[in-house]
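For the protein sequence lines, the chains are A and B, in the order given. If you're matching positions, the first sequence starts at 1 in this note's numbering and goes up one per residue. If you're matching positions, the second sequence starts at 362 in this note's numbering and goes up one per residue.
There are 2 protein chains.
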Amino acid sequence: MTEPGDAHRSVTAGREGARGRANVKLQDVAEEAGVSLATASRVLNGTSQVRADLRERVLAAAADLSYTPNAHAQALAGSSSKSVGVVCHDVSDPYFAAIADGVMRTAADHGVLVMLASTFHDPAREVQYVAMLRAQRARAILLIGSGYEDRDWERSMCAELDPYQRTGGRVAVLSRHRGLRVDAVLPQNREGAAALARAMLDLGHRDFGVLTGPRALTTASDRLGGFVDALAGAGVRIPPGRIVEAPFTRAGGYAAATELVRLQHRPTCVFAVTDLMAIGALAAFRDNAVSVPGDVSLAGFDDIPIVRDLTPSLTTVALPLDAMGERVMGLALREPAARRSRVERVAGEVVLRASTAPPAA
Amino acid sequence: MTEPGDAHRSVTAGREGARGRANVKLQDVAEEAGVSLATASRVLNGTSQVRADLRERVLAAAADLSYTPNAHAQALAGSSSKSVGVVCHDVSDPYFAAIADGVMRTAADHGVLVMLASTFHDPAREVQYVAMLRAQRARAILLIGSGYEDRDWERSMCAELDPYQRTGGRVAVLSRHRGLRVDAVLPQNREGAAALARAMLDLGHRDFGVLTGPRALTTASDRLGGFVDALAGAGVRIPPGRIVEAPFTRAGGYAAATELVRLQHRPTCVFAVTDLMAIGALAAFRDNAVSVPGDVSLAGFDDIPIVRDLTPSLTTVALPLDAMGERVMGLALREPAARRSRVERVAGEVVLRASTAPPAA
DNA sequence: CCGTACCCAGAAAGCGTTTTCCCGAACGGT
DNA sequence: ACCGTTCGGGAAAACGCTTTCTGGGTACGG
């Protein structure tokens with residue numbers, strides 16, 4: 001009773017099912033439903049009206065065959081692309097993790113897929129990943145905490161980003177970027193660090209030390225700059241040797257703080273430009289029997305969730321990390337309203353906790 | 362002096378450049394270099410020998426035009442796909458972050474792109490993301506910390522995974538999965554929890570409390586089961602009400618521990634099945650003036666990096682999280698050697714730190 | 001010196017969709 | 001009852017690439 005065509009089809013399906021190598025395509029769905037390719041496509045996308053009974057048949061066939069559209073073919077034909085690229089330094093950094101939360105949530109809300117790349121703090125890798133993301137025709141590219149003060153890097157980055165933007169790609173960054181004309185969520189690093197400096201001055205501190213990150217990163221240089229300048233405004237100078245540069249990691253903070261501990265004349269207050277570095281510093285102080293805040297006050301920047309749970313809890317400049325993630329993804333997904341780039345500034349708020357106190361007399 | 366064709370080309374390029382809508386394709390590169398499409402492709406992929414001068418011309422043209430291959434077209438034509446999907450519960454969970462580090466590093470080493478999806482602890486979303494990843498023709502799908510004890514979930518998950526695997530997709534999980542025939546990295550949750558139980562018994566504890574995660578998750582049920590069974594083996598029973606269920610989060614741990622604190626007769630030792638929950642518990646104990654380990658000993662599971670820095674530092678069952686990430690990605694990328702699924706077990710090691718001590722007399 | 005073999009470049013056939021274009025049928029208006 | 005619309009479905013082109021197939025040159029051996 002089955003038609004020859006049907007018989008052939010089922011035999012094929014049987015063999016393919018057993019063997020494995022076979023991807024069911026729209027063509028198969030259409031044949032199974034006894035309609036044309038075009039109709040099947042229209043049903044599945046709801047593009048235009050299709051007679052009810054035909055729609056039913058197509059839907060049933062698709063479910064039967066467990067049909068999944070080939071996103072590559074869709075992207076190629078339709079030139080839409082439901083995916084965005086996100087580039088960060090290090091996925092295991094709590095700073096990024098907190099931001100990523102907002103990023104992922106917003107992405108999910110918009111039904112887009114996130115392609116994630118981790119540079120492991122290598123600027124060259126960052127450029128390389130942007131190229132990959134460009135090849136994937138990502139609808140947008142997010143640069144989280146990038147931003148190097150480096151002419152060469154800037155040039156090669158622009159070489160990638162320029163053609164990408166020219167062909168409709170959107171770029172949003174979360175950090176200060178000099179040479180790039182892109183949308184940005186900009187934490188007020190200078191202002192936050194300055195506010196923290198004033199708070200520490202108010203506490204009575206005059207001897208400061210700073211643990212800073214790689215000088216080439218704007219996040220590090222802005223926070224350091226803001227802190228130093230605010231101090232200078234009050235007539236307080238940080239002697240050379242009291243500003244130690246280290247990677248943006250716990251280990252970096254540990255090493256830098258250890259160096260500070262060895263100093264002849266120790267500062268009474270230490271500013272780590274990153275909470276993660278502050279965590280390392282806290283450990284270094286503990287290991288060297290330096291009490292916090294008894295011997296030295298310690299402050300960080302970011303307010304990553306865990307610092308509330310440290311003992312002592314960490315004084316820091318709080319950034320709304322989750323919201324920042326939301327906003328940078330939002331910026332990337334929103335239609336390019338204006339020709340010029342949008343910048344959303346986000347303020348940091350000094351949160352005084354147990355790790356800071358007036359200096360010992 | 363310019364040829365008509367060239368003139369036309371440059372005019373077009375100029376207009377497109379100004380307007381924006383334009384993607385340079387292989388065809389353009391080929392024309393610019395004065396070779397055929399096929400030759401250009403061969404040069405760019407190094408597929409076969411091409412005369413040196415032609416190769417030069419193609420390479421120059423590609424660089425000139427800032428050509429980027431369209432990954433969708435490549436995937437469609439070649440049916441390779443340099444991307445893998447990773448599904449997790451929550452990107453901001455330090456447990457996942459630590460694993461992700463290994464995952465991303467391995468991915469980078471193999472030159473594959475990672476598509477990341479976060480389910481926000483919603484099983485339905487997990488299935489939905491697998492479907493998306495299937496549509497993207499990901500070369501492999503990684504399920505991190507999935508594994509529900511739920512017939513319905515299992516069925517719909519299999520409905521997605523089965524056709525995916527049948528068409529050559531590889532699936533690797535990091536957790537126990539009953540119904541799925543997939544490669545797995547399997548932390549020995551039962552054994553680790555049992556070892557921890559014995560260590561606590563050795564310390565002299567007899568009154569226990571447990572903060573556990575959602576019962577449906579195998580990670581929670583295995584760790585709870587291992588702990589309870591080991592205790593039972595020593596003739597120690599946990600009274601009802603001393604096992605509190607809460608989400609796998611800091612907040613969950615906080616809430617569950619608060620509940621425990623209100624009990625008439627408090628346990629002398631509390632096991633949180635997750636370090637993150639233990640962190641919440643620590644905060645709850647602090648807020649209720651319960652000293653750790655003075656009044657109650659506290660132990661966790663996972664050894665996420667931060668627990669070393671807590672005060673008191675947390676006793677826990679250490680898992681090589683980074684290596685686990687490496688291995689699960691490695692499993693997914695390795696060629697399917699055998700027909701049967703591979704399982705790599707990884708052991709947990711009890712690490713005694715400052716949060717546990719013999720019970721007060 | 002001619003034939004055979006080999007190597008490299010070009011033409012063209014897909015890959016799985018979307019979408020445009022076109023045609024047949026059904027419907028309503030006069 | 002006839003013509004003009006409208007509406008829904010099918011054929012086919014296009015998306016940008018890889019890869020097979022084919023043909024024309026060159027080098028070499030007989």
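Note that the Cβ used here is the ideal one computed from N, Cα and C, for glycine as well. All values reported here derive from a predicted model rather than from experimental measurement.
Three-state secondary structure assigned by DSSP to residue i
i, result
"THR400 (chain B)", "helix"
"PHE285 (chain A)", "helix"
"ILE243 (chain A)", "strand"
"LEU260 (chain A)", "helix"
"THR717 (chain B)", "coil"
"PHE457 (chain B)", "helix"
"LEU253 (chain A)", "Note on identity: in this sequence residue 253 (chain A) is Gly, with Leu being the wrong assignment. It is helical."
"THR408 (chain B)", "coil"
"PHE120 (chain A)", "coil"
"GLU149 (chain A)", "coil"
"THR274 (chain A)", "coil"
"ARG21 (chain A)", "At ARG21 (chain A), the pLDDT of 48 sits below 50, so the modelled position is not reliable and the matter cannot be decided from this model."
"LEU541 (chain B)", "coil"
"THR68 (chain A)", "coil"
"PHE227 (chain A)", "helix"
"LEU564 (chain B)", "coil"
"GLY553 (chain B)", "helix"
"THR467 (chain B)", "helix"
"GLY596 (chain B)", "coil"
"ASP663 (chain B)", "strand"
Per DSSP, cross-strand counterpart(s) of residue i
i, result
"LEU503 (chain B)", "B:VAL447 and B:ALA533"
"SER318 (chain B)", "Residue 318 (chain B) cannot be examined here, being either before or after the span of chain B that is shown, 362 to 722."
"GLU417 (chain B)", "According to DSSP, GLU417 (chain B) bridges with nothing at all."
"GLU705 (chain B)", "B:VAL546"
"GLU349 (chain A)", "A:ALA318"
"LEU578 (chain B)", "B:TYR509"
Below-9 Å beta-carbon distance, residue i vs any chain B residue
i, result
"ARG21 (chain A)", "Bear in mind that the predicted position of ARG21 (chain A) carries a pLDDT of just 48, short of 50, making it unreliable; the figure below should be weighed with that in mind. So, interface residue."
"ARG134 (chain A)", "yes"
"ARG364 (chain A)", "The requested residue 364 (chain A) is not part of the displayed model; chain A covers only 1 to 361."
"PRO305 (chain A)", "yes"
"PHE208 (chain A)", "no"
"ASP287 (chain A)", "no"
"HIS121 (chain A)", "no"
"ASN70 (chain A)", "yes"
"SER83 (chain A)", "yes"
"MET104 (chain A)", "yes"
"GLU349 (chain A)", "no"
Close-in-space but distant-in-sequence residues of the same chain around residue i (CB under 8 Å, 5 per side omitted)
i, result
"ALA357 (chain A)", "LEU203, PRO293, GLY294 and SER297"
"GLY748 (chain B)", "There is simply no residue 748 (chain B) to check, as chain B begins at 362 and stops at 722 in what is shown."
"ALA138 (chain A)", "SER81, SER83, VAL84, GLY85, MET115 and GLY169"
Closer than 9 Å to chain A by CB, residue i
i, result
"ALA520 (chain B)", "yes"
"ASP656 (chain B)", "no"
"ASP670 (chain B)", "yes"
"THR528 (chain B)", "yes"
"ILE640 (chain B)", "yes"
"VAL663 (chain B)", "Sequence check: residue 663 (chain B) is Asp here, not Val. It does not: the Cβ of ASP663 (chain B) has no partner Cβ on chain A nearer than 9 Å."
"ALA458 (chain B)", "yes"
"SER453 (chain B)", "yes"
Pick from the options that is closest to residue i, judged by C-alpha positions
i, options, result
"GLU487 (chain B)", "B:GLU515, B:GLY463, B:ARG498 and B:VAL678", "B:GLU515"
"ARG368 (chain A)", "A:ILE279, A:ALA232, A:VAL290 and A:ARG327", "Here chain A covers residues 1 to 361 and nothing more, so residue 368 (chain A) does not appear."
"VAL712 (chain B)", "B:ALA650, B:ARG584, B:SER674 and B:ALA617", "B:SER674"
"ILE99 (chain A)", "A:PRO123, A:LEU142 and A:ALA138", "A:LEU142"
"ARG262 (chain A)", "A:ILE306, A:ALA289 and A:PHE248", "A:ALA289"
"ASP664 (chain B)", "B:TYR456, B:LEU415 and B:ASN431", "B:TYR456"
"THR610 (chain B)", "B:ARG627, B:PRO600, B:LEU637 and B:ARG598", "B:LEU637"
"PHE301 (chain A)", "A:GLY348, A:LEU310, A:LEU186 and A:GLU31", "A:GLY348"
Other residues of its chain near residue i: CB distance less than 7 Å, five sequence neighbours each side excluded
i, result
"ARG559 (chain B)", "ALA591"
"ASP389 (chain B)", "LEU426"
"ILE667 (chain B)", "PRO455"
Spatial neighbours of residue i in its chain, beta-carbon cut-off 6 Å, leaving aside the 5 residues before and after
i, result
"TYR525 (chain B)", "ARG495"
"GLY508 (chain B)", "SER536, ARG537, HIS538 and THR579"
"ALA394 (chain B)", "ARG418, VAL419 and ALA422"
"ARG21 (chain A)", "For ARG21 (chain A), the predicted model reports a pLDDT of 48, less than 50, meaning its position is unreliable and no value from the coordinates is stated."
"VAL543 (chain B)", "VAL532, VAL534 and SER702"
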